[in-house]
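Encoded as structure tokens, the structure appears first; notes follow it.
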Amino acid sequence: MRIASVADVKAKLSAYLKASEDELVVITRNGKAIAVLLPIEDEEELERLVVAYSRHFQAILQTARQEITSGAGITHDDFWEDMGGELSE
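Per the numbering used here, the sequence shown starts with residue 2, numbered consecutively.
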């Protein structure tokens with residue numbers, strides 16, 4: 002893991018992008034971590050990261066969890082029936 006300030010990353014962005022292929026690069030401002038550069042293996046990994054850190058998606062998941070907890074959700078079988086698909090076993 003490499004640690005670098007925002008100013009240093011701005012000045013040497015290409016070098017830090019290259020370094021991020023091999024290790025995490027933690028970017029700091031006033032000594033506090035604010036971002037990370039990390040290697041991406043493929044488009045699927047990028048998609049997983051985008052979804053995992055999407056505030057909108059996380060809000061949707063939280064709402065769904067609350068509905069399920071309160072009994073307002075639907076069963077797995079009902080979901081697939083509503084979707085017109087087959088159950089995955």
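The beta carbon of each residue, even a glycine, is placed where N, CA and C say it ideally should be.
{"Check": "Assuming Leu-39 contacts Leu-18 (C-beta within less than 8 Å), just tell me the rounded distance between them.", "Outcome": "The pair is not a contact, with the Cβ atoms about 11 Å apart (cut-off 8 Å)."}
{"Check": "Between the C-alpha atoms of Lys-13 and Ala-20, what's the straight-line distance to the nearest angstrom?", "Outcome": "11 Å"}
{"Check": "Shortest alpha-carbon distance to Val-37 belongs to which of Asp-79, Asp-78, Tyr-54, Gly-74?", "Outcome": "Tyr-54"}
{"Check": "Does the distance from the C-beta atom of Ile-28 to that of Ala-8 stay below 8 Å?", "Outcome": "no"}
{"Check": "List, from N- to C-terminal side, the alpha helix (DSSP H) runs of 4 residues or more that fit wholly inside the segment 28-81.", "Outcome": "44-53, 56-70"}
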